[in-house]
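Reading through the C-alpha cells given below for one structure.
Number of protein chains: 2
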Amino acid sequence: MDLDLRKLRYFVAVADRLHFGRAADELHIAQPVLSRQIRALEQDLGASLFTRDRHGVALTDAGRQLLADAGPLLASAHAVRRRVSMAARGSRRLMVGFRAGIPVIPAARAFEARHPDVVVDVQRIEWDDQAPMLLDGRIDVGYVRLPIDEAGLRVTPLYTEPRVAVLPAGHRLAGKEEVTEADLAGEPLVWHADPSTQPTRRPHPNAGYLVRGVDETLEHVAAGRGISFLARSATVFYSHPEVIYMPIPDLAPDQVCLAVAASRTSPVVDDFFTAAQATAEITAECGNYEMWQLGSDAVSKHG
Amino acid sequence: MDLDLRKLRYFVAVADRLHFGRAADELHIAQPVLSRQIRALEQDLGASLFTRDRHGVALTDAGRQLLADAGPLLASAHAVRRRVSMAARGSRRLMVGFRAGIPVIPAARAFEARHPDVVVDVQRIEWDDQAPMLLDGRIDVGYVRLPIDEAGLRVTPLYTEPRVAVLPAGHRLAGKEEVTEADLAGEPLVWHADPSTQPTRRPHPNAGYLVRGVDETLEHVAAGRGISFLARSATVFYSHPEVIYMPIPDLAPDQVCLAVAASRTSPVVDDFFTAAQATAEITAECGNYEMWQLGSDAVSKHG
DNA sequence: CCGTGGTGATACCCTGAAGGCATCACCGGA
DNA sequence: TCCGGTGATGCCTTCAGGGTATCACCACGG
Chain A
219 MDLDLRKLRY
229 FVAVADRLHF
239 GRAADELHIA
249 QPVLSRQIRA
259 LEQDLGASLF
269 TRDRHGVALT
279 DAGRQLLADA
289 GPLLASAHAV
299 RRRVSMAARG
309 SRRLMVGFRA
319 GIPVIPAARA
329 FEARHPDVVV
339 DVQRIEWDDQ
349 APMLLDGRID
359 VGYVRLPIDE
369 AGLRVTPLYT
379 EPRVAVLPAG
389 HRLAGKEEVT
399 EADLAGEPLV
409 WHADPSTQPT
419 RRPHPNAGYL
429 VRGVDETLEH
439 VAAGRGISFL
449 ARSATVFYSH
459 PEVIYMPIPD
469 LAPDQVCLAV
479 AASRTSPVVD
489 DFFTAAQATA
499 EITAECGNYE
509 MWQLGSDAVS
519 KHG
Chain B
219 MDLDLRKLRY
229 FVAVADRLHF
239 GRAADELHIA
249 QPVLSRQIRA
259 LEQDLGASLF
269 TRDRHGVALT
279 DAGRQLLADA
289 GPLLASAHAV
299 RRRVSMAARG
309 SRRLMVGFRA
319 GIPVIPAARA
329 FEARHPDVVV
339 DVQRIEWDDQ
349 APMLLDGRID
359 VGYVRLPIDE
369 AGLRVTPLYT
379 EPRVAVLPAG
389 HRLAGKEEVT
399 EADLAGEPLV
409 WHADPSTQPT
419 RRPHPNAGYL
429 VRGVDETLEH
439 VAAGRGISFL
449 ARSATVFYSH
459 PEVIYMPIPD
469 LAPDQVCLAV
479 AASRTSPVVD
489 DFFTAAQATA
499 EITAECGNYE
509 MWQLGSDAVS
519 KHG
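Protein chains in written order, with the numbering used here: chain A, 219 to 521; chain B, 219 to 521.
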C-alpha cells in the first residue's frame with residue numbers, strides 16, 4: 219500500500235553501486251537481507267528494477283525511473299522530519315540561505331515587522347549546496363544564483379546584477395576602465411564549482427585546482443592561476459590586495475532568484491517570499507551603491 | 219531512521235478528524251492499533267503530535283507542521299509508484315492535462331517531432347483537479363488557469379487571454395457591443411467551483427447551485443440562475459443556444475500557465491515544457507481567431 | 001450521588017516482516 | 001578443473017503491526 223522508504227533507500231544504495239554486496243556493506247546490513255528487500259520492493263511495485271545476469275547488475279527502465287524519483291522523495295521525507303523537530307522544540311525560526319553578496323537584511327526586516335515572533339536565521343550557502351540544502355530542509359528559503367537545478371524547487375527571479383571580471387593586480391589590462399569578453403578570450407579560468415563564474419566557457423576538467431567560495435577564488439586569482447567572474451555585489455563584501463575587479467559590460471548579467479522547496483507549504487515561508495519580492499529593489503541596490511559609484515576606481519582601492 | 223509512510227497516513231486520518239475511533243474506522247484498523255501507531259510515530263519523531271485531554275484531541279505545533287507536510291509527501295510517494303508502474307509496462311507516454319479552451323496540439327506536435335517514441339496523451343481537467351492530478355502523477359504536465367495552489371508545483375506563466383461575460387440570451391444587455399464590470403454589478407453569479415469565473419466577487423456560499431465545468435455553467439446561465447465569466451478561448455469550444463458571450467474589457471485577463479509537479483525531474487517532461495513555451499503564442503492564437511474577429515456578432519451566432 | 005456511554009490507553013496474543021548466519025548455484029578466469 | 005566472487009535460498013530469532021478484551025477517564029442525565 220504505502221511505499222516503504224527504507225526499501226527505497228536500500229534501492230538507491232544498490233542502484234548507485236550496481237553491486238549488492240558493497241551496497242549491503244554500506245548500509246550495514248547483510249547481503250542476503252538486501253537481496254530480499256529489493257525483491258520485496260520489486261514485488262510491491264509490480265516491476266523488476268534490476269536485471270541480474272552474468273554481466274552483473276543493471277537497472278531496468280522502471281529502475282531508472284525509480285532512481286530518478288527516489289532521491290527527491292527521500293530528501294522531502296528528511297525535510298519533513300527536520301521541520302517537525304523544529305516545530306516541536308517551539309523554535310519559530312526561519313532559516314534563510316543566501317549566496318555571497320546578497321544582503322538578506324531588507325527582507326528580514328520587512329518580514330519581522332509582520333512576524334515579530336519568528337526569528338530569521340541567515341546562513342551562507344555555496345553553489346553546490348543551494349539545491350540540496352533547500353530540499354532536505356536545512357534552509358527554508360534561499361537567495362540563490364542561477365544556474366540551479368530546479369528539480370523539486372520553486373524558483374522565482376528577483377533581479378539581475380552585472381558581472382565583473384576578477385583579475386590579478388598586475389594584469390596586463392589592469393589600467394583599463396572596463397574589459398570585454400574578447401579581451402579575456404585566451405585567459406585561463408579558475409575552475410570553480412559554481413558554473414556562474416564561468417558564464418561562457420568551461421575550463422578543461424583536469425586543468426587545475428577546483429575551488430569553492432569567493433575567498434578561495436580570490437586567492438587563486440591573486441596567485442595568478444587564472445581569472446574568474448563574480449556578480450558585482452560580491453565585490454562589495456570581498457576584496458583582496460592582489461586582486462582587482464573590472465566591469466565587463468558585454469557579459470550576461472547574473473540572475474538572483476528566490477527559491478523554496480516545492481514540497482514546502484507554509485504561510486510563514488510564503489510571507490518571507492512576499493517580503494523578499496517587495497524588497498528586491500532595495501536588495502539589488504545594496505550591491506550597487508559602493509561599486510557602482512567607484513567604477514574602475516575600485517582598482518586603486520583594492521590594488 | 220526512515221519516516222514510515224503508513225504511520226504518516228494514519229496520522230493524517232487522525233489529524234483530519236481529531237478522533238481516533240472514527241479515523242481507525244476509516245482506515246479499517248482497530249482503534250488501539252491506531253493509538254499505538256500514533257504514539258510510535260510521536261516517539262520516532264521525538265515530538266508529541268496531539269494533545270489528548272478532557273476536551274478531546276487537538277494538534278500541537280509539531281502536529282500542525284506535520285499535517286501541512288504530510289499531504290504533499292504522500293502524494294509524491296503515490297506519484298513515484300505510479301510512474302514506476304508506467305515505466306515498467308514500457309509505456310513511453312506523456313499525460314498532458316489541459317483546462318477547457320486550451321489547445322494542446324501545437325505543443326504536442328512540436329514535442330513529438332523531438333520524441334517520436336513518446337505518445338502524448340491529453341486529458342481534460344477541471345479547476346479543482348488541476349493541482350491534485352499533477353501532484354499524484356495522474357498527469358505529467360498541465361495547462362492550468364490561475365488561481366492554482368502552487369504548493370508542490372512548478373508553475374510558469376504562458377500567456378493571458380481576455381475574459382468574456384456569459385449571459386442568458388434574453389439578457390437586458392444582450393444587444394450591446396461589450397459590457398463593463400459596472401454594468402453587471404448587481405447580477406447574481408453562478409457559483410462555480412473555479413474561482414476564475416468569479417474574478418472580482420464571490421457569491422454567497424449558500425446562494426445556490428454549485429456547478430463544475432463549462433457545460434454546466436452554460437446550462438445554469440441559460441436557466442437564468444446567474445451570469446458567469448469565462449476565458450475567451452473557452453467560448454470557441456463551447457456554445458449554447460440560450461447563452462451569449464460578450465467581451466468585458468475592463469476585467470483582468472485570465473492567466474494560462476504550464477505546471478508540473480515540482481518533485482518531477484525528467485528530461486521528457488522538460489522537453490515538453492520547452493515545446494509548450496515555444497508554441498505559447500500559437501496556442502494563444504487558437505483561442506483567438508474565431509471569437510476575436512466576430513466580436514459581439516457572436517451574439518447573433520449563438521443567440 | 002451514581003450509573004452510563006463514549007473516549008483514548010493498556011494488556012496480551014498471534015502473525016509476518018526484517019534482520020542475522022550458513023549455504024547454494026552460477027559464472028569467469030587461472 | 002578448481003577457485004574466488006557474485007547474488008539467491010533456507011532457517012532461525014526478534015520485533016513491529018495487527019487483532020480482542022479491558023481499563024481509566026470524563027461528561028452527563030437521572
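Each residue gets a CB set at the ideal place from its N, CA and C atoms; glycine is no exception. Just so you know, these numbers come straight off a predicted model, no measurement behind them.
{"Query": "Grab the span of the beta strand (DSSP E) containing A:Arg363 for me, first residue to last.", "Result": "359 to 363"}
{"Query": "Mind checking if B:Ala280 is an interface residue toward chain A, Cβ cutoff 8 Å exclusive?", "Result": "yes"}
{"Query": "Sorted by chain position, which residues of the same chain lie with C-beta nearer than 6 Å to B:Val337's C-beta, five sequence neighbours on each side aside?", "Result": "Arg311"}
{"Query": "According to DSSP, is A:Ser446 helix, strand or coil?", "Result": "strand"}
{"Query": "My understanding is that B:Val362 touches B:Thr435, with C-beta atoms under 8 Å, so please give their C-beta distance in whole angstroms.", "Result": "With 8 Å as the limit, B:Val362 and B:Thr435 do not qualify as a contact, their Cβ atoms being about 18 Å apart."}
{"Query": "Starting from B:Ala493 and walking both ways along the beta strand (DSSP E), at which residues does that stretch end?", "Result": "Careful: B:Ala493 lies outside any beta strand (DSSP E), inside the alpha helix (DSSP H) at 485 to 496."}
{"Query": "Show which residues of chain A have a CB atom less than 9 Å away from the CB atom of B:Val302.", "Result": "Leu263, Gly264, Ala265, Leu267, Ala280, Gly281, Gln283, Leu284, Asp287"}
{"Query": "Starting from A:Pro290 and walking both ways along the alpha helix (DSSP H), at which residues does that stretch end?", "Result": "279 to 306"}
{"Query": "How is the beta strand (DSSP E) around A:Val373 delimited, first residue to last?", "Result": "371 to 379"}
{"Query": "With the cut-off set at 8 Å, would you say A:Ala496 and A:Ala328 are in Cβ contact?", "Result": "yes"}
{"Query": "My output table needs one value for B:Val338: the three-state DSSP class, helix, strand or coil.", "Result": "strand"}
{"Query": "Drop a sphere of 10 angstroms on the beta-carbon of B:Leu236, count the other beta-carbons inside from all chains shown, and report buried for 16 or more, exposed for fewer.", "Result": "exposed"}
{"Query": "Taking the alpha-carbon positions, what's the A:Ile366 to A:Ala349 distance?", "Result": "7 Å"}
{"Query": "Assuming A:Val408 and A:His438 make a contact with CB atoms under 8 Å, what is their CB distance in whole Å?", "Result": "5 Å"}
{"Query": "Along the beta strand (DSSP E) that carries B:Asp366, what are the first and last residues, could you check?", "Result": "According to the sequence displayed, residue 366 of chain B carries Ile and not Asp. Where B:Ile366 is concerned, there is no enclosing beta strand (DSSP E), given that its DSSP letter is neither H nor E."}
{"Query": "Please classify B:Thr453 as buried or exposed, where buried requires at least 16 neighbouring CB atoms within 10 angstroms.", "Result": "buried"}
{"Query": "Roughly how many whole angstroms lie between the Cα atoms of B:Val314 and B:Leu353?", "Result": "13 Å"}
{"Query": "Within 8 Å (strictly less), CB to CB, does B:Gly370 reach chain A?", "Result": "yes"}
{"Query": "Any chance the stretch 248 to 257 of chain A sits against the stretch 275 to 295 of chain B, with 3 or more Cβ pairs inside 8 Å?", "Result": "no"}
{"Query": "I need the boundaries of the alpha helix (DSSP H) containing B:Asp346, first residue and last residue.", "Result": "345 to 353"}
{"Query": "In angstroms, rounded to a whole number, what distance separates the CA positions of A:Asp358 and B:Glu460?", "Result": "52 Å"}
{"Query": "Below 8 Å, can you find three or more Cβ-Cβ pairs linking the stretch 340 to 348 of chain B to the stretch 340 to 347 of chain A?", "Result": "no"}
{"Query": "Against chain A, does B:Pro375 count as a neighbour if the rule is that its beta carbon must be under 8 Å from one of theirs?", "Result": "no"}
{"Query": "Applying a beta-carbon distance threshold of less than 9 Å, which residues of chain B neighbour A:Gly442?", "Result": "Neighbours of A:Gly442 on chain B: none; closest Cβ ~40 Å, over 9 Å."}
{"Query": "Based on Cα-Cα distance, which residue from A:Ala440, A:Gly444, A:His296 lies nearest to A:Pro406?", "Result": "A:Gly444"}
{"Query": "Excluding sequence positions up to five away, which residues of its chain have a Cβ less than 6 Å from the Cβ of A:Ala326?", "Result": "Val338"}
{"Query": "Name the chain B residues that come within less than 7 Å of A:Arg227, Cβ to Cβ?", "Result": "Asp220"}
{"Query": "Please list the terminal residues of the continuous beta strand (DSSP E) segment that includes A:Ala477.", "Result": "472 to 479"}
{"Query": "Is the shortest distance between the beta-carbon of B:Thr398 and the beta-carbons of chain A less than 8 Å?", "Result": "no"}
{"Query": "Scan the stretch 472 to 494 of chain A for residues whose Cβ lies nearer than 7 Å to a Cβ of chain B and list them as they occur along the chain.", "Result": "Ala480, Ser481, Thr483, Ser484"}
{"Query": "Considering only C-alpha positions, which residue in the set A:Gly239, A:Leu223, A:Val298 is nearest to A:Asp262?", "Result": "A:Leu223"}
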